[in-house]
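Visitor: The structure is given below, and queries will be raised subsequently.
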Amino acid sequence: MIISWASTLIMLWCVGLALLLWRANSKSSENRFMAVLLVCEGIKASFLLSTGILYMQRYEWLQDILWIYTIDVFFAAHITAIILYFCLPMFYKVNRLSFLYGSKLKPHVWYLAPALGISVYLLLKGLPEFYVSDAAWIICTEGSPARYEMWFGTYQPWIGDAVASIGMCTADFETTVTTQPPGLWAIALGSPLVSLVALFFLRPTYKSQYVKKEKIDGTGLASRSLYIGFLGKVIGLLIWFALIAVIVPLLHGGQVTFTDEAIWRYGAEQTALDRLKFFLWTISLMCTPAAIAFEALMFVHASLNDSVYGIDQNLRKTFRAAMFTGLGAFLFIISTEAMEQVLGQGLLGGVMIGVLFLGLRSPVLRIIDGVSGRLIPANYTPEETAYLEAYKTAMEDLIITVEERRLLETLAKTYALEPDRVQEIEQEFDAMLEEE
Numbered sequence: 002m003i004i005s006w007a008s009t010l011i012m013l014w015c016v017g018l019a020l021l022l023w024r025a026n027s028k029s030s031e032n033r034f035m036a037v038l039l040v041c042e043g044i045k046a047s048f049l050l051s052t053g054i055l056y057m058q059r060y061e062w063l064q065d066i067l068w069i070y071t072i073d074v075f076f077a078a079h080i081t082a083i084i085l086y087f088c089l090p091m092f093y094k095v096n097r098l099s100f101l102y103g104s105k106l107k108p109h110v111w112y113l114a115p116a117l118g119i120s121v122y123l124l125l126k127g128l129p130e131f132y133v134s135d136a137a138w139i140i141c142t143e144g145s146p147a148r149y150e151m152w153f154g155t156y157q158p159w160i161g162d163a164v165a166s167i168g169m170c171t172a173d174f175e176t177t178v179t180t181q182p183p184g185l186w187a188i189a190l191g192s193p194l195v196s197l198v199a200l201f202f203l204r205p206t207y208k209s210q211y212v213k214k215e216k217i218d219g220t221g222l223a224s225r226s227l228y229i230g231f232l233g234k235v236i237g238l239l240i241w242f243a244l245i246a247v248i249v250p251l252l253h254g255g256q257v258t259f260t261d262e263a264i265w266r267y268g269a270e271q272t273a274l275d276r277l278k279f280f281l282w283t284i285s286l287m288c289t290p291a292a293i294a295f296e297a298l299m300f301v302h303a304s305l306n307d308s309v310y311g312i313d314q315n316l317r318k319t320f321r322a323a324m325f326t327g328l329g330a331f332l333f334i335i336s337t338e339a340m341e342q343v344l345g346q347g348l349l350g351g352v353m354i355g356v357l358f359l360g361l362r363s364p365v366l367r368i369i370d371g372v373s374g375r376l377i378p379a380n381y382t383p384e385e386t387a388y389l390e391a392y393k394t395a396m397e398d399l400i401i402t403v404e405e406r407r408l409l410e411t412l413a414k415t416y417a418l419e420p421d422r423v424q425e426i427e428q429e430f431d432a433m434l435e436e437e
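Our numbering applies: residue 2 is where the sequence shown begins, and numbers increase by one.
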């Protein structure tokens, strides 16, 4: 439930950032491209949305509607995001793919990619490898044997096996088991690989531009924030991939599905290994939304850093709040699960860690601020930002009068700004006006 709502909030966060990008400059093909990509990433982060909204057979009609989002919209967004990743060289100069930069398709990618992604999914949807044919509800009442009710499709032996594995119910709950098509798993597991390929192509450009400090002519350079966003997402997704495709299957002795997750969680004869597998599975489900949230933050900084002044400060504040809240929630979940296994008092562990975490609030925030300062460096100091706002106001009529210039010079002296730096700030703002 917690992960479901957290992933839904991350989806709304990505959509909100997409709207911010679009409104910042709706005529920019780069902003449109990035906005569509963020919406797709937000949808990918919210795969568990339906499990947090009246997830019970009584409201099956609602789950019928949400199923369209969970499967159709989710995997169409996955395919669209993959297509958009392959279009990145059209918007940012990548050393090995520089011939694609400025392609004539660039202004049209933002709507052609979703159209192509949806079309590809509709073609694949009817194939057996991509079709979820059967689903059933597993319904439990504490102290009674588990039973099933078909949701759609026909009864399959694995449904009976899942019910038998749960055995006598240890709690009241309702969950679902469904067909696990290999094609859909291939799409989901392929996403980290595509991101890794994109990172592989971006890294040489990043190194030559920011590490070796080489002078590169032209515009559209892949920014530091774009690279860090991809790097953070790839790290998060590789952790997810390692857990869900390597570590947990090794512990389980074979392929793992959401059916197995229901057995680990609600089985009558849970072992320590079952609890460990369920814990690692739960952690893996948190990795993707967290990685996507970080990527979205850095992508917005990459897109708006040169056009929305002060965006770096606002994003650092957002990063600070999100990291502190997310870290607290993560520690709460871990401590609750650990104490539940050791003492059978999970809530006690969560409360203890919560109190300790709040007590260490100041040093934790200082560490987070240090990290955010390195990830999202400030373009302007507070004094420079104040001068920029004054200059922006003076330039509303595109003319600086003698009196306005005198006031600006006084303001620069008050803030102890060097003349060269003042000139640089003004030139950057003037360049932005010319682009508009």
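C-beta atoms are modelled at their ideal positions from N, C-alpha and C, and glycine is treated no differently.
This structure is a prediction, so every number in the text was calculated from the model and none was measured.
#1: State the Cα-Cα distance for the pair residue 19 and residue 8, rounded to the nearest angstrom.
#2: Measuring straight from C-alpha to C-alpha, what distance separates residue 172 and residue 64?
#3: Can you grab the Cα-Cα spacing for the pair residue 110 / residue 184, in whole Å?
#4: Whole angstroms is fine: what's the gap from residue 166's alpha carbon to residue 264's?
#5: Taking contact to mean at least 3 C-beta pairs separated by less than 8 Å, is the segment 147-161 in contact with the segment 104-119?
#6: Give the straight-line distance between the Cα atoms of residue 87 and residue 56, rounded to the nearest whole angstrom.
#7: Could you name the residues that DSSP lists as bridge partners for residue 148?
#8: Hey, residue 279 and residue 266 are a contact pair by Cβ (cut 8 Å); roughly how many whole angstroms apart?
#9: What separation, rounded to the nearest whole angstrom, lies between the Cα atoms of residue 221 and residue 39?
#10: Can you tell me where the beta strand (DSSP E) holding residue 174 begins and where it ends?
#11: To the nearest angstrom, report how far apart residue 249 and residue 286 are at their CA atoms.
#12: Are residue 82 and residue 15 closer than 8 Å when you measure CB to CB?
#13: Should the segment 135-143 be called in touch with the segment 179-195, which here means at least 3 C-beta pairs below 8 Å?
#14: In the DSSP assignment, what residue or residues form a beta bridge with residue 153?
#15: Please state whether DSSP places residue 57 in a helix, a strand or coil.
#16: Going by C-alpha to C-alpha distance, which of 239, 30, 205, 188 sits closest to residue 197?
#17: Between the segment 71-85 and the segment 113-130, can you find at least three pairs of beta-carbon atoms closer than 8 Å?
#18: In terms of alpha-carbon separation, which member of 23, 45, 46, 284 lies closest to residue 35?
#19: When the Cα atoms are used, what is the spatial distance from residue 71 to residue 423?
#20: In angstroms with no decimal places, state the Cα-to-Cα distance between residue 169 and residue 176.
#21: Measuring only the C-alpha atoms, how far is residue 407 from residue 234?
#22: Under the DSSP definition of a beta bridge, which residues are partnered with residue 169?
#23: Suppose the cutoff is 7 Å on Cβ atoms and the five residues either side in sequence are ignored; what does the same chain contact list for residue 10 look like?
#24: When burial is assigned at 16 or more other CB atoms within 10 Å of the CB, is residue 151 buried or exposed?
#25: Could you compute how far the alpha carbon of residue 29 sits from the alpha carbon of residue 54?
#26: For residue 417, does the three-state DSSP call read helix, strand or coil?
#27: How far does the alpha helix (DSSP H) with residue 35 in it extend, from its first residue to its last?
#28: Is residue 296 near residue 231, with beta carbons less than 8 Å apart?
#29: According to DSSP, simplified to helix, strand and coil, what is residue 394?
#30: Take residue 58 and list the residues in its own chain whose beta-carbon comes closer than 7 Å to its own, dropping the five residues that flank it on each side.
#31: Identify whether residue 215 lies in helix, strand or coil by the three-state DSSP scheme.
#32: Less than 8 Å separating the beta-carbons of residue 98 and residue 90?
#33: Compute the Euclidean distance between the alpha carbons of residue 37 and residue 145, then round it to the nearest angstrom.
#34: What is the C-beta distance between residue 390 and residue 418, in whole angstroms, given that I count them as a contact (C-beta under 8 Å)?
Guide: Taking the coordinates as given:
#1: 16 Å
#2: 22 Å
#3: 26 Å
#4: 6 Å
#5: no
#6: 36 Å
#7: 140
#8: 5 Å
#9: Confidence is the limiting factor: at residue 221 the pLDDT is only 45, short of 50, which leaves the residue's position unreliable, though a coordinate-based value still follows. Straight-line Cα distance between these residues: approximately 19 Å.
#10: 174-179
#11: 12 Å
#12: no
#13: yes
#14: 136
#15: coil
#16: 239
#17: yes
#18: 23
#19: 52 Å
#20: 15 Å
#21: 48 Å
#22: 146
#23: none
#24: exposed
#25: 37 Å
#26: coil
#27: 30-46
#28: yes
#29: helix
#30: 138, 140, 150, 175
#31: Residue confidence for residue 215 is low, a pLDDT of 49 falling below 50, so the modelled location carries little weight; the figure read from the coordinates is stated next. The answer is coil: DSSP assigns residue 215 none of H, G, I, E or B.
#32: yes
#33: 48 Å
#34: About 13 Å; that fails the 8 Å criterion.
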